[in-house]
Structure formats: structure tokens, C-alpha cells
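Trainee:
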Amino acid sequence: MTVRTRIAPSPTGDPHVGTAYQALLNYAYARKHGGAFVLRVEDTDRARSTRASEAAILRSLRWLGLAWDEGPDVGGPFAPYRQSERIEACREVAERLLGGGKAYRDFGEDAGGAYAIRLRTPETGRIALPDRLRQDLSKDWESVDDPVLLKSDGFPTYHLANVVDDHLMEITDVIRGEEWIASLPKHLLLYETLGWDPPSFWHVPLLRNNDKNRTKLSKRRSPTSIDFYRQAGFLPEALLNFLGMLAWTRAEGEEKFTLDAFVEHFELGSLSLAGAVFDTEKLAWLNGRYLREDYDPRELAGLLRNWRFDDHTLEAAAGLAQPRMRTLGDFGPLASLFFTDETPRDPDDLAGSLEPSEVAEWLLLAEWALEDLPEFTGEAVHQALRALSESLGVKLRKFTRPLYVALSGSASSTPLFGSMVLLGSAMTRMRLRRARSALGGVPRRREKELETTHRQRA
RNA sequence: GUCCCCAUCGUCUAGAGGCCCAGGACGUCGCCCUUUCACGGCGAAAACACGGGUUCGACUCCCGUUGGGGACGCCA
283 MTVRTRIAPS PTGDPHVGTA YQALLNYAYA RKHGGAFVLR VEDTDRARST
333 RASEAAILRS LRWLGLAWDE GPDVGGPFAP YRQSERIEAC REVAERLLGG
383 GKAYRDFGED AGGAYAIRLR TPETGRIALP DRLRQDLSKD WESVDDPVLL
433 KSDGFPTYHL ANVVDDHLME ITDVIRGEEW IASLPKHLLL YETLGWDPPS
483 FWHVPLLRNN DKNRTKLSKR RSPTSIDFYR QAGFLPEALL NFLGMLAWTR
533 AEGEEKFTLD AFVEHFELGS LSLAGAVFDT EKLAWLNGRY LREDYDPREL
583 AGLLRNWRFD DHTLEAAAGL AQPRMRTLGD FGPLASLFFT DETPRDPDDL
633 AGSLEPSEVA EWLLLAEWAL EDLPEFTGEA VHQALRALSE SLGVKLRKFT
683 RPLYVALSGS ASSTPLFGSM VLLGSAMTRM RLRRARSALG GVPRRREKEL
733 ETTHRQRA
């Protein structure tokens, strides 16, 4: 049987490096075995999925050089490759299970009569969980609740969509994060009830934050957006190489390798099962090697032009700096924030005469406000930040001062909103986050409180 | 809390019972090169979580403890 693997990202946010990591493993496994690598968009969350996010994810993965053989953009024999366009199959399956008494309606607390469809799971017994990376996994049915198959909005959940689509697309190997181990019984039960052969499962360890506890990589704690790394000036081949390095190092000791070399030598079965910390220090070192070893100065200049020294960026930066320029030479210092990854963040500069802990909270709230923007435009940023300062009862001028410093390292710089837009959402939020941690951060407990009120407002 | 998973230097890893008083890489420190810095070269410090087994022999196998992570959503 031809090997078929897939990456099934959910288009609900920034392109995540964890997605890229799993895409790499799926890609490598398929290539190594002469099979096909499929990209399927798992847009089953109607409220959070966006086309913008989908486009960003596809663009990022392509930027990294992970070409898929079948997908929503390139088509293929198992089209469509967008879950929302194939919900009929899921609904049929759900109805069939309902009719056969394998599933039941759950009206929950909905008074309007809308219901979800849940799969009936056994009450007793224990199920063996086949995993190609681990030995003898199992779980008591008692600890597995009845999964929702079809939500009351008529959309399938991941559990259903995933199984149905993997079956219909003839996926042979599901290589996914180990966060799914707990859900494996539900998926296996579906395969069994439907009379389908389940694929092989490989649950790969999650990438971790470089924090004290090594929690799973999250945007709250680390830069996780592939866009961030691109904008910070990392090369796609370096990022991809780094991701590969987390899974495999060659015996000869050389850690710089191409995608092809990774495909050729990497053995999924020998993957280390401990979650690797995403260490940006090593990534930076590797990136430096690519810059030094693979490009002559002329090519490097081309890289720079592609990165930020293009006409559009230069013109936008010039426009922002212009009112503050007396000589052309003033441009360098004024616009340096657009052409650097690191900006100075001195806690005293950031807080000024204000309370550092309070400023840290402002930065956190600003970060969330910007994160929620559907469109990252000057006007949208302006409105969001003004609304936030009003809700805090702080004058906008006072509120934005620390933001300037967070962005540029200086209180006197180019206009804030325009600068944010030019820097882009991922980079802007990263700088706010770094400034926040320079200020001592926001205590976890307080962050939860703020999150609750933030959620209510949103 | 319940269930599940994991465990080699600070970090990424090599190690598939003797080759290991544990190898490489990042980071750190020192020296060299050098008009500075960086690069490069050389070197140093730095780990088998702990306790029991099994075995002639355990980093490697088994059990327990501890630690960490993940899942407990009509999110994926």
C-alpha cells in the first residue's frame, strides 16, 4: 500500500512552528517511503476559522519548502481538501451511527431543540492503543467520555472529521502530536464501529517552551508564529533545519543539513520521545551559518532586499520618519526599529514614572487587543488601543508611551500605529511581550483575572 | 483531582547489555588568530533523576519512587 501522510492544520490563528514541525515529520516519512504528503485544512471550528489564517498557514509552510502533493490549493484525487467542503460525508456517517444505535442525540441545555450527536462508548473494559513509537499503551473505557461527533451547529468535531477524512483520503500513517493519545480510544472506536481499518498512529512529542517547567510551546510564552521568524530575519532553510535537528542529529556530528538529507537519513521510529525545548539560541547560530556559508555578499544583499530593504518598506519607513528628519542621516536612527530584531528594553525607560507592574499589564492587554484584530491596519490598531486606554481610564498619550519604548527602545520615534503596521502583527506583539517580561511580567494569577475580563469584553 | 505519556550535560541529542569513569552540537568560560567586534581554531567546566531488582556485567531490560509534560470542551 502506498504511504500517505497528512498535516491537518486548523486555520484559527498564526502559522505555528509546531505545525511546521509535524508537517516536516509527515513530509519526511511520506517522501522516504515514496508516498504522498497531503495538506488538509481542518476548519471545523466555524467560529474561529478564517480564510486569512488558512492562507497564512499555507504560505508559511510553502515558504519553508514543505511542498504537499495534494491540498486545497493544488487539488488532488481526493478533493476537496477543506473540511468545511466535505461535511456531507461526516453528516452521513453520523446519521448512520445514529440509525444503528451506535450514537445518540444530546440536547444539552439547548431549549431550542438543537442537538449534538454523541458516540456511545463502552462502559467497561480496556482498549489497547497501537502507537508505532510506544509499547503497550492502553486505557480504561471508564475514563473515556462519549465524544461529540456532530455539534449542534451541524458541523463535525475534529474526532469525526479527522477519522472520516483520513479514511476517505486513504491516509496510511497519522503522525500527530502526543496530545492526541488521550483521544485515540474515541478514534479507534469510530474506525471499528464503521468497519474501517485504522491507519498507523505515531504520536510525536510536543515542542516545549524554554521556561522553567518546559510547558508545551505556546504563543503566550515563546514566539511561535512562523511569520515572526521570517520577519525577524531567519531563513526558511535554517528554521526547517533547526526543526529537523530537534528530531534527529547525524552521527557524524554535522548539524547543518538539507531537507533531502533529513528525508534520507531520518528514521521516524527512532524519534526521541522526550519533548524538545525550542531553543532560539541554537536556531540563531544555525541561521548565522547559513548566512555566512551559503551566500556571497551580493546574494546576501538580495536577501536583505527581499526581507525589509525593499521599495515598499523603505518608502513606508521614510514616510513615517520624514516629519522628524533634518538630514538624510537622521533616517538611520529613526528607522532602525524596522530593520532590527532586538530593540533595547530598559525597565526604567519602559515604565518611565509609572508603576512597572501596571505598565506590564497594559502591555499584556495591548497584546491581546492586537491579537484579536481581524485586520492589522493603522485605523484598526488605533481604535483598539484607544478603546483599551479608555476602558482602563488612562489617557491615550500616557498609555501609548511605553508602547513606543517597547517597539523602538526609545520614547521618541516614528508614529506608533503606522510603525506597528509596518512591523507587522507578529513582530509587534513579540516586542510587547519582550518588554513585558523586561518589566518583570504579570503574575500568573493576575493574568488569569485579566483574561477573564478580556474574554467577557470580547 | 482522574487518566495517559516521558526521563543522558543549562539546551538539542549520540548511545539499541560490555566499545562509555558516556561522544557531538548550541550556550558558558579560557587561550590563539586579529586594528575592534564577529568569524575561525584550540581547550575547559558541564549529564546517565533516585532506589530496588535481572545479569558475570546496565545509561541501556523490569519494578517502584520522584520530577516534568499532556488530556479531561458541542477547540483542535
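Residue 283 is where the first sequence starts when you use our numbering, and the numbers rise one by one after that.
Ideal Cβ placement from N, Cα and C applies to all residues, glycine included.
#1: Just verifying my parser: in three-state terms, what is the DSSP assignment at G353?
#2: According to DSSP, W484 sits in a beta bridge with which residue or residues?
#3: DSSP has A410 in a bridge; who is on the other side?
#4: What did DSSP end up calling K730 once you bin it into helix, strand or coil?
#5: Should L466 and A376 be called a contact, given that it needs their Cβ atoms to be closer than 8 Å?
#6: Report yes if the C-beta distance between R713 and T609 is below 8 Å; otherwise report no.
#7: How is V663 classed by DSSP in three states: helix, strand or coil?
#8: Since L489 and F560 should fall inside the 8 Å C-beta cutoff, what is the C-beta to C-beta distance between them, to a whole number of angstroms?
#9: Can you check which of these residues, A688, L732, T696, T284, is closest to P481 by C-alpha distance?
#10: How far does the alpha helix (DSSP H) with I508 in it extend, from its first residue to its last?
#11: Considering only C-alpha positions, which residue in the set T326, P487, V445 is nearest to K468?
#12: Kindly confirm or deny that the segment 506-524 and the segment 286-303 touch, where touching means at least three C-beta pairs closer than 8 Å.
#13: Roughly how many angstroms lie between the CA atoms of L652 and G706, to the nearest whole one?
#14: Tell me whether W567 is buried or exposed, calling it buried when 16 or more other Cβ atoms sit within 10 Å of its Cβ.
#15: Expressed to the nearest angstrom, what Euclidean distance is found between the alpha-carbon atoms of D327 and F437?
#16: So what does DSSP say about K468, is it helix, strand or coil?
#17: Can you give the Cα-Cα distance for N491 and R322, rounded to whole angstroms?
#18: Helix, strand or coil: which one does DSSP assign to E404?
#19: Grouping DSSP H, G and I as helix and E and B as strand, with all else coil, what is P429?
#20: Where do the ends of the alpha helix (DSSP H) carrying D630 lie?
#21: Helix, strand or coil for P626? Go by DSSP, reduced to three states.
#22: Exposed or buried, what is K501 when buried is set at 16 or more other beta-carbons lying within 10 Å of its beta-carbon?
#23: For A543 and F621, I'd like the C-alpha separation in whole angstroms.
#24: Across which residues does DSSP place F437 in a beta bridge pair?
#25: Tell me, which residues are paired with I289 by DSSP?
#26: The beta strand (DSSP E) spanning Y363 covers which residue range?
#27: What are the start and end residues of the alpha helix (DSSP H) that includes D542?
#28: Name the one or two DSSP bridge partners that R378 has.
#29: Output needed for V641: all residues of its chain with C-beta closer than 7 Å, excluding positions within five of it in sequence on either side, in chain order.
#30: Out of curiosity, what's the CA-to-CA distance linking L689 and F658?
#31: Verify whether the separation of the beta carbon atoms of R606 and L616 is less than 8 Å.
Mentor: Short version:
#1: strand
#2: When beta bridges are read from the DSSP output, W484 appears opposite I457.
#3: S420
#4: helix
#5: no
#6: no
#7: helix
#8: Indeed they touch by this definition, with Cβ atoms about 5 Å apart.
#9: T284
#10: Counting along the chain, the alpha helix (DSSP H) containing I508 begins and ends at 508-513.
#11: V445
#12: A contact exists between the segment 506-524 and the segment 286-303.
#13: 11 Å
#14: Around the beta-carbon of W567, fewer than 16 other beta-carbon atoms lie within 10 Å, marking it exposed.
#15: 8 Å
#16: helix
#17: Pairing N491 with R322, the inter-Cα distance amounts to about 27 Å.
#18: The residue you asked about is not Glu; residue 404 is Pro in the sequence shown. The answer is coil: DSSP assigns P404 none of H, G, I, E or B.
#19: coil
#20: 629-633 is the extent of the alpha helix (DSSP H) around D630.
#21: coil
#22: buried
#23: 33 Å
#24: In DSSP, F437 forms no bridge with anything.
#25: L321
#26: Per DSSP, Y363 belongs to no beta strand (DSSP E) and is neither H nor E.
#27: Run containing D542: 541-547, per the alpha helix (DSSP H) assignment.
#28: Answer by DSSP bridge pairing: none, since R378 is not bridged.
#29: L632, A633, P684, L721
#30: 16 Å
#31: yes
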